[in-house]
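FYI, this note's numbering numbers position 514 of the sequence shown as 1765, with every residue one higher than the one before it.
A short worksheet on the structure shown next.
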Amino acid sequence: GLNSVAEWIRTAQSELVKITSLVDSKQSVAVDYGFYEYSEYNDQLNRAREGASGRSLSLLENTGRLLQNTVTLFAMAAILAPYGFGLPITLVVSAFPAFYVLTYFNKTQYQWSQRTTTDRRWLMYYDYLLTNNATAAEVRLFDYADYFQSSYHNLRRRLRHEQFHLLKLQTLGRFAATLIALIISGGALAWIGHQVLLGILTLGDLALFFQAFSQGQSIIKDLLSNLGQIYRNSLFLGNLFEFLQIQPKIVEPLNPVPVPSTPKKGISFRQVTFRYPGTEEPVLDNFNLTLPAGKIIAVVGDNGAGKSTLIKLLCRFYDPDLGSIELDGIDLRKFSVKAFRRLITVLFQSPIPYYTTAGENIALGDISTASDDTEIQAAAKASGMHDKIKRLPLGYNTMLGKLFPEGTDLSGGQWQRLALARAFFRRAQIIILDEPTSAMDPWAEHDWLERFRSLANGRTAIVITHRFTLAMRADIVHVMRAGQIVESGSHDELLAQDGLYAESWKAQMQADSSATINNTTLLKSENII
């Protein structure tokens, strides 16, 4: 019967691994975006992964073995009981030191694991730097390999030294526990031998006692080992349960208000105050801004002015500490989070390269609807990627990226155009751009912006940028500094004000002009023109 239970446990292992991994993955995307911006969360996530990694299976196996050990131990105790109840008690007492050592060092190992989580994440990071395609060029060009390998080995050496130290202490503890168990066993054996000499027991009794006592000790040793593993796995599984209990702050309302299919008035920030968790200084303080529907609005400003924070609040990655953000006069918190985000598309500065087929890459723009080849190709044509995709080995069925076999990589600008194709395919009413052309040359930027204007036609577009060539195409430009809007108007109006925008515009135009002259001089000197 017990063997059948153990067999059932082993059969269930593969499915339990899948379940545990699935739970871990679901919680990873269920928590707020803000968690990913903090080291503490990454430590917690790493501990949860360690807790999920096979420990639930080990816990089941150890529990099954523990039941087997317990039944067998009672049988051994029944054999020893006729010689005196003190003998089974002696058998158990002899195991106490080993149990204490096992429990103590399991807890110590767990505490070490908790304390070194960040260090072990550093090892993973060094491994990433040395083995990842994204870092391979710079590591070789600037000869970083020795530096990162040295950092990796030094840290690994320190952690290994700490582990060996714990192992040495554990070995000494086990030796002491074994010595105590031998002394107690020797005392019990001497007492039985004395009973034989007195004629109370026979030599057969002595042989039976010795065999039962030895087997009992072996069973107790196995039982304690399983108890120790159960205790150890329970400690680490606690990290998984702690992670699973993280509750997102961005939650769905009980009675969500329908999201307008097409915004009529626009978006308003009303007396918004916001500070990032764990910080004292607000990024936005009593901030007010109106983004009218159907317009292209640019927000320009220095790094650290708060521009990226606007995007995070608009996407509801965070909610304001005070004040409200409204769409057509309705607080965003009254909408379903998923339904509101369906209204938005964001083109980030560095788009994610999805290593799927070219067609799937575009279809990801709207996974809520069935992908249609005609619409996918129309989106690619609108973004300027259709001709490039048609030249790929398998056209729209070509795997992109070098991660998987037969993959074809794209340039940075082509990945950016693919992101634009996803935006066309999504057909969202609110378009947010975060420095989308910062890595483009002037020719590529001009073509991309013309295609963007086609995408933005009739929609609300919010452009976060420091490039005035992009800002000048907007209907309204807001200049942001230190978390506040300090100037607003059209490009021409702001130039006429001769304020911060005009000053920055002139400086950027002068820099671009100097760069153009220098490039022309260089080309002439090389007889290229």
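Cβ atoms here follow ideal geometry from the backbone N, Cα and C, with glycine treated the same way.
Where does the unbroken beta strand (DSSP E) through residue i begin, and where does it stop?
{"i": "Pro1543", "result": "Leu1535 to Pro1543"}
{"i": "Val1588", "result": "It is not in any beta strand (DSSP E) - Val1588 instead sits in the alpha helix (DSSP H) that spans Val1588 to Arg1592."}
{"i": "Ile1713", "result": "Thr1711 to Thr1716"}
{"i": "Gln1735", "result": "Gln1735 to Gly1740"}
Pick helix, strand or coil for residue i, following the three-state DSSP scheme.
{"i": "Leu1645", "result": "coil"}
{"i": "Ala1753", "result": "helix"}
{"i": "Leu1273", "result": "For Leu1273, the predicted structure reports a pLDDT of 46, less than 50, and the residue's modelled location is therefore unreliable. A value from the coordinates is still provided. Here Leu1273 sits in helix by DSSP."}
{"i": "Gly1455", "result": "helix"}
{"i": "Ala1228", "result": "Residue coverage of the chain in this structure runs from 1252 to 1780, which leaves residue 1228 outside it and unanswerable."}
{"i": "Ser1485", "result": "helix"}
{"i": "Arg1732", "result": "strand"}
{"i": "Thr1524", "result": "strand"}
{"i": "Glu1288", "result": "helix"}
{"i": "Met1650", "result": "strand"}
Just to confirm before moving on: does the CB-CB distance between residue i and residue j stay below 8 Å?
{"i": "Thr1524", "j": "Pro1511", "result": "no"}
{"i": "Ile1682", "j": "Ala1712", "result": "yes"}
{"i": "Leu1317", "j": "Leu1454", "result": "no"}
{"i": "Thr1341", "j": "Ala1439", "result": "yes"}
{"i": "Asp1685", "j": "Gln1759", "result": "no"}
{"i": "Met1731", "j": "Val1597", "result": "no"}
{"i": "Asp1572", "j": "Arg1526", "result": "yes"}
{"i": "Phe1356", "j": "Gln1421", "result": "yes"}
{"i": "Arg1702", "j": "Gly1635", "result": "yes"}
{"i": "Leu1486", "j": "Lys1358", "result": "yes"}
Distance, Cα to Cα, residue i vs residue j?
{"i": "Thr1323", "j": "Ser1401", "result": "53 Å"}
{"i": "Asp1698", "j": "Ser1575", "result": "37 Å"}
{"i": "Phe1586", "j": "Gly1646", "result": "40 Å"}
{"i": "Ala1432", "j": "Asp1370", "result": "39 Å"}
{"i": "Leu1273", "j": "Ile1501", "result": "With a pLDDT of only 46 at Leu1273, under 50, the local geometry of the prediction cannot be trusted, and the value read off the model is given with reservation. Those two C-alpha atoms are separated by around 22 Å."}
{"i": "Gln1761", "j": "Ile1548", "result": "25 Å"}
{"i": "Pro1514", "j": "Asn1539", "result": "19 Å"}
{"i": "Ser1321", "j": "Arg1584", "result": "It is worth fixing the name first, because residue 1321 is Thr in this sequence and not Ser. Approximately 56 Å, taken between the alpha carbons."}
{"i": "Asp1394", "j": "Gly1750", "result": "46 Å"}
{"i": "Ser1755", "j": "Phe1655", "result": "45 Å"}
{"i": "Arg1567", "j": "Val1588", "result": "8 Å"}
{"i": "Phe1460", "j": "Gln1468", "result": "12 Å"}
{"i": "Arg1704", "j": "Glu1577", "result": "25 Å"}
{"i": "Arg1372", "j": "Asn1297", "result": "8 Å"}
{"i": "Leu1380", "j": "Phe1399", "result": "8 Å"}
{"i": "Leu1392", "j": "Gly1424", "result": "51 Å"}
{"i": "Phe1286", "j": "Tyr1292", "result": "6 Å"}
{"i": "His1717", "j": "Arg1668", "result": "20 Å"}
{"i": "Leu1417", "j": "Leu1535", "result": "49 Å"}
Does residue i get closer than 8 Å to chain D when you measure Cβ to Cβ?
{"i": "Arg1593", "result": "Here chain D cannot be found, since the structure has a single protein chain."}
What distance in whole Å lies between the Cβ atoms of residue j and residue i, which are believed to be in contact at a cut-off of 8 Å?
{"i": "Glu1611", "j": "Phe1676", "result": "Not quite, the Cβ-Cβ distance comes to about 11 Å (not below 8 Å), so this is no contact."}
{"i": "Leu1594", "j": "Ala1672", "result": "Rounded, the Cβ-Cβ distance is 19 Å, inconsistent with contact."}
{"i": "Pro1507", "j": "Ala1590", "result": "7 Å"}
Would you give the residue range spanned by the alpha helix (DSSP H) that residue i belongs to?
{"i": "Gln1446", "result": "Ala1396 to Leu1448"}
{"i": "Ile1613", "result": "Ala1609 to Ala1614"}
{"i": "Ile1627", "result": "Asp1624 to Ser1634"}
{"i": "Thr1560", "result": "Lys1558 to Leu1565"}
{"i": "Leu1578", "result": "That residue, Leu1578, is in no alpha helix (DSSP H); its beta strand (DSSP E) goes Leu1573 to Leu1578."}
{"i": "Leu1353", "result": "Phe1347 to Arg1366"}
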